[in-house]
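Going by the numbering used here, the residue at position 446 of the sequence shown is 436; the numbering climbs one at a time, nothing skipped.
Beta carbons are placed, not taken as given, at the ideal position from N, Cα and C, and that holds for glycine.
This structure is a prediction, so every number in the text was calculated from the model and none was measured.
Notes for the one structure printed next.
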Amino acid sequence: MQKILIANRGEIALRVMRSAKEMGIKTVAIFSEADRNAPFVRYADEAVCIGPPPSSQSYLQGDKIIAICKELKVDGIHPGYGFLSENADFARKVREAGITFIGPSPESMDMMGDKLSAKATAKKMNVPMITGSEGAVSNVKEAIKIAKETGFPLLIKASAGGGGKGMRLVEKESEIEEQMKLAMSEAKSAFGNDAVFIEKYASQPRHIEIQLIADNHGNCVYLFERECSVQRRHQKVIEEAPSAVLTPELRAKMGKCAVDVAKACNYSGAGTVEFLVDADLNFYFLEMNTRLQVEHTVSEMITGLDLVKEQIKVARNEKLSFKQEDLKINGHSIEVRVCAEDPMNNFLPEVGNLLVYKVPQGNGVRVDDGFEQGMEIPIYYDSMISKLITHGKDRTEAIEKMLRAINDYKIVGVETTLEFCKFVLTHPQFVSGNFDTGFIKNYFQPEMLNNHNTEFDELAAIAGSVLFKGNKTDFAFVNNQEAVKKSKWKANRL
Ligand code: MV4
C-alpha cells in the first residue's frame, strides 16, 4: 500500500494520516468547502475538495470518492468512523474498483449491520443473549405472546437500527400495539426496513465493549474492554479502559465471546462487540460495530498498540504480530469527548470561533483534535472539538491527570462540555466506579455547573481576538464584539 485516501474529516482524519506517514504511506484528504482551512487538509500530501458543506454532498459521496482514488492512483481507503465507515455497499464498490477498503469485508458488515442477523450469529456461538423474540416480530398478537414470556418492561428494537435509534420502551400490555406500530413505521422511514424485535428491558445496565482485531489468516485477539456507561442520549461522554468492575475471569470470558462473534462472521480488521452488563455482572450481547471507534484511543493507551497501523497491516494481508497471551493491560486510560455544546442549555450544539484554543500537555496527556485557535466550528457536522485522553498507573492517577488536563485546557468563544466532564469525574459515584448507563440522568442537573470564571473568559476573549487580529483584521473586529457580548450575556445570566 503506497497511498491511502481518508474518507473522513477532523480529528480522525489527522489521526489516521499520522499513522500512515509513520508507515511511509502517502495520504490523500478529501474535504468539503466548510473544511478548506482545516488542519487535516494541510497535513495530507494531497487534498481534493469534494463538494459543498452538507455531508450528503461531500463526505457521503461514495462514487465521487472512488473516482478521486482512481485519478490519484490511491490503493487504499480508510473510512474513519461515521459517514461511510459502516456502509457495506460502499465497501463493495471500493472492492470492485480494485481498491483496498481498510476495514472488514462487505459480507461481515452486512451480517453485523442487521441486528437480527448479528444476534442469530452470536447466539449460534453460545454468546449470552437477553430473553426476547427469536427473530423479527411482525404483528401485535405475536408481540403479546412474547411479552407474556419475557415480562415487562420490554424494548422494541429496529433490526436496522443501532446506538439507540428506533428503540421503544413498553411498560405494559396495553401499550404494545401503539409502540409496535410506531417502532415499525419509524424503522421504515429511518432505515427503509421495518423489521423489529423484542427484548426484555434490562434496567440500569452498564455498557461495556470489547475491542478486537482479526487478520485474514484466521487469527483474532481481544484488546480488553472499554467502559462506556457514561452516556447522554446514546452519546458517549466519557470512556475508560479497563472497566473498574470486571474481574480477570469475566474479562477473559467476554473477550472469548467477542472473538467467537468475530470468527462467526469471518471478521477482518478492528472491530468492537458491545455488551450490556447487569448489577450481578451477567453480560449479554448487544451488537457489533464494524469500524474503528471514537474511543479506540483508550485501548491504545493500555495495550501500547497503534490500532490504525494494525488495521493497515491487516488490510495489507499481514499476520497479526502478537498472540493473546502477549497482550497485557498497562495502567488505566480515560477519554473525555470535548464538544462544542452548552451543558447549561440542554447540550445545544454551539457554533462560533475558537478565539482562544490552548490544549493541555504533559506526561500521560494526549489530545486528538482537528481544530486550531481562530477556526470556526462549522454547523454541518458533529459537535466534537477534540478527545482528551489521559493514561496513568491506575484509575486514580488517570482521573487526577484528567482533572489537571481539563483545568489546563483553555477554550474561549464557544461553550464546551469540559466543565460538565469535570463534574462527572469528581462525582463520588464515578470515583467509586459504581455507576451505570443511568448516571447522567440520575445525578446531573445543569445548575450544578456554576463555577464559570466569566471575568477570565471575557479577558481571554479580548486577548484572543487581539491575537487573531494579527492575521485577519476585518474578522477580528466582529469576533471581538461578539465575544465580549457573549461573555457579558453569560455574566448577566449567572
Ligand atoms: C438495551 C437496554 C436495556 N435492555 N437493551 C441503547 C443503545 C443500543 N445499543 C442498545 N441500548 C440499550 N439496549 C435491553 N434489552 C438499554 C439500552 C440503553 C443503553 C445501552 C448502552 C448504553 C447506554 C444506554 C442508555 C439507554 C439505554
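If you check the C-beta of I120 against the ligand MV4, you find a heavy atom less than 7 Å away. As DSSP reads the structure, K226 sits in a beta bridge with Q221.
Around P350, the same chain offers A395, D398, Y399 as residues with beta carbons nearer than 6 Å, after the five sequence neighbours per side are excluded. Spatial neighbours of P44 in its own chain (CB-CB distance under 7 Å, excluding positions within 5 residues in sequence) are listed in chain order as Y370. Using a Cβ distance threshold of 8 Å, I58 and L145 do not count as a contacting pair. Shown here for A108: same chain residues with a beta carbon closer than 7 Å to its own, the five before and five after excluded, namely M101, M102, E277, M278 in chain order.
For H322, the uninterrupted beta strand (DSSP E) segment begins and ends at 322 to 329. For the set S233, A110, A137, the Cα lying nearest the Cα of E124 is the one of A110. Annotation: V251 to L310 spans about 18 Å, alpha carbon to alpha carbon.
With respect to the C-alpha of V328, the residue from S376, Q435, A78, G154 having the closest C-alpha is S376.
Around the Cβ of P96, a 10 Å sphere holds 16 or more other Cβ atoms; the residue is buried. Of M157, F413, V346, the smallest CA-CA separation from P333 is found for F413. A distance below 8 Å separates the beta carbons of A173 and A148. Within its own chain, the residues whose Cβ lies closer than 6 Å to the Cβ of H322, once the five positions on either side in sequence are excluded, are G382, D384, R385, A388, listed in chain order. Here Y49 carries a coil assignment [DSSP, helix/strand/coil]. Between the alpha carbons of K299 and Q419 lies a distance of about 36 Å. Counting other Cβ atoms within 10 Å of its Cβ, N336 stays below 16 and is therefore classed as exposed. Beyond the five residues adjoining it in sequence on each side, N272 comes within less than 8 Å, by CB distance, of P118 in the same chain, given in chain order.
With a threshold of 16 other beta carbon atoms within 10 Å, H207 falls short and is exposed. Contact annotation: G364 and T380 have beta-carbon atoms that are not nearer than 8 Å.
Taking C-beta atoms as the reference points, V130 and E165 fail to come closer than 8 Å.
Nearest to E76 by C-alpha distance, out of I92, E290, R223, is I92.
If you ignore the 5 residues before and after N183, its C-beta comes within less than 7 Å of the C-beta of S149, A150, A177, all in its own chain and listed in chain order.
Per DSSP, the unbroken beta strand (DSSP E) holding S149 starts and ends at 144 to 152. At a threshold of 7 Å, M99 does not count as near the ligand MV4, since its beta carbon sits no closer than that to any of the ligand's heavy atoms. K309 sits in coil when the DSSP states are folded into three classes, being neither helix nor strand. When DSSP reads this structure, A37 sits in a beta bridge with A19. In chain order, G93, P94, Q301, V304 place their CB closer than 6 Å to the CB of G259, counting only its own chain and leaving out the 5 sequence neighbours on each side. A straight-line Cα-Cα distance of about 43 Å links T416 and I136.
Here Q221 is buried, its C-beta having at least 16 other C-beta atoms within 10 Å.
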